Amino acid sequence: AQSVAQPEDQVNVAEGNPLTVKCTYSVSGNPYLFWYVQYPNRGLQFLLKYITGDNLVKGSYGFEAEFNKSQTSFHLKKPSALVSDSALYFCAVRDEAYNTDKLIFGTGTRLQVFP
Amino acid sequence: DVKVTQSSRYLVKRTGEKVFLECVQDMDHENMFWYRQDPGLGLRLIYFSYDVKMKEKGDIPEGYSVSREKKERFSLILESASTNQTSMYLCASSFITAPGQGFDEQFFGPGTRLTVL
Chain A
67 AQSVAQPEDQ VNVAEGNPLT VKCTYSVSGN PYLFWYVQYP NRGLQFLLKY ITGDNLVKGS
127 YGFEAEFNKS QTSFHLKKPS ALVSDSALYF CAVRDEAYNT DKLIFGTGTR LQVFP
Chain B
4 DVKVTQSSRY LVKRTGEKVF LECVQDMDHE NMFWYRQDPG LGLRLIYFSY DVKMKEKGDI
64 PEGYSVSREK KERFSLILES ASTNQTSMYL CASSFITAPG QGFDEQFFGP GTRLTVL
């Protein structure tokens, strides 16, 4: 069965340092992968997606993600963290089991950027 | 910009009440989804719909029903609310994927935090 895993419940990073939020996936076919961010008391906002093509995907707010097929990973990265990046981050993969547009979400990683 | 709106940000109901959560999107999306979000569990799909009057069960449909009478509106119904349905409820919408087309992202509403006493 398809799945995504976010192995870290929380990531702490100092402002100005690079950040990485990890995601690994398990699918039988080609993966369609997504990152979303949730600010406090808000809905999820789309950051970026990988469908096919370049392994480095650029998204909103200076975020990027690196698709690694051999490691089945899709880690979210940013070269220099901001305090305003503090939020809950979700990785998601398209559910292949149905001919529909369902997504399977990870459990989320809380990013805390300290001044 | 895509806008997905939900009828209430916060809702407090009593056990046994019938609860309606409304979601409206303005981008003519075919797909609409209802999730619940709980700490440590991420987002879990309750129901989704890919067309008017069509609905499909998600991963946790028990205790819920849905209605989609118009393309832009998708309602989640708790027939008899229980305390274990206290949660954040998120609605989302997206275009349907056509053969040979890319897979579009889902757009989310702000969420309804439901408390059942």
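From first to last, the protein sequence lines stand for chains A and B.
In the working numbering, each residue carries its 1-based index in the first sequence increased by 66.
In the working numbering, each residue carries its 1-based index in the second sequence increased by 3.
Even for Gly, the Cβ is constructed at its ideal location relative to N, Cα and C.
Computed from a predicted structure; not experimentally measured.
- Among the residues of chain B, those whose CB is under 7 Å from the CB of A/Thr173 are Gly43, Leu44 and Gly45, following chain order.
- In this model, A/Leu148 and A/Asp167 are separated by some 33 Å (Cα to Cα).
- Boundaries cannot be given for B/Ala84, as no beta strand (DSSP E) includes it and DSSP labels it neither H nor E.
- The alpha helix (DSSP H) runs lying completely inside the stretch 111 to 153 of chain A and spanning 4 residues or more number zero.
- For B/Ile99, the neighbours in chain A by C-beta distance under 8 Å run, in chain order, Asp167.
- Contact check for A/Asp75 and A/Thr138: beta-carbon distance about 20 Å, past the 8 Å limit, so the pair fails to qualify.
- Around the beta carbon of B/Arg12, fewer than 16 other beta carbons lie within 10 angstroms, which makes this residue exposed.
- Ranked by how close their Cα comes to the Cα of B/Met57, the residues B/Val69, B/Arg17, B/Leu46 and B/Glu65 have B/Val69 in first place.
- In this structure, the beta-carbon distance from A/Lys144 to A/Tyr127 falls below 9 Å.
- Remark: C-beta atoms of A/Val87 and A/Tyr155 approach each other more closely than 9 Å.
- If one requires a minimum length of 3 residues, the beta strand (DSSP E) runs lying completely within the stretch 17 to 60 of chain B are 22 to 28, 34 to 41 and 45 to 52, in chain order.
- Here B/Ala84 really is in contact with B/Glu20; their C-beta atoms are around 5 Å apart, less than 8 Å.
- The residues Glu25, in chain order, have a CB closer than 6 Å to that of B/Ser10 in the same chain once the five nearest residues on each side in sequence are set aside.
- Beta-bridge analysis with DSSP links B/Thr118 to B/Val15.
- In terms of beta-carbon proximity, B/Phe51 lines the interface with chain A, with at least one pair separated by less than 9 Å.
- It is roughly 21 Å from the alpha-carbon of B/Lys6 to the alpha-carbon of A/Ala153.
- Neighbours of B/Pro113 in chain A, taken as residues at a C-beta separation under 9 Å, are given in chain order as Asn107, Arg108 and Gly109.
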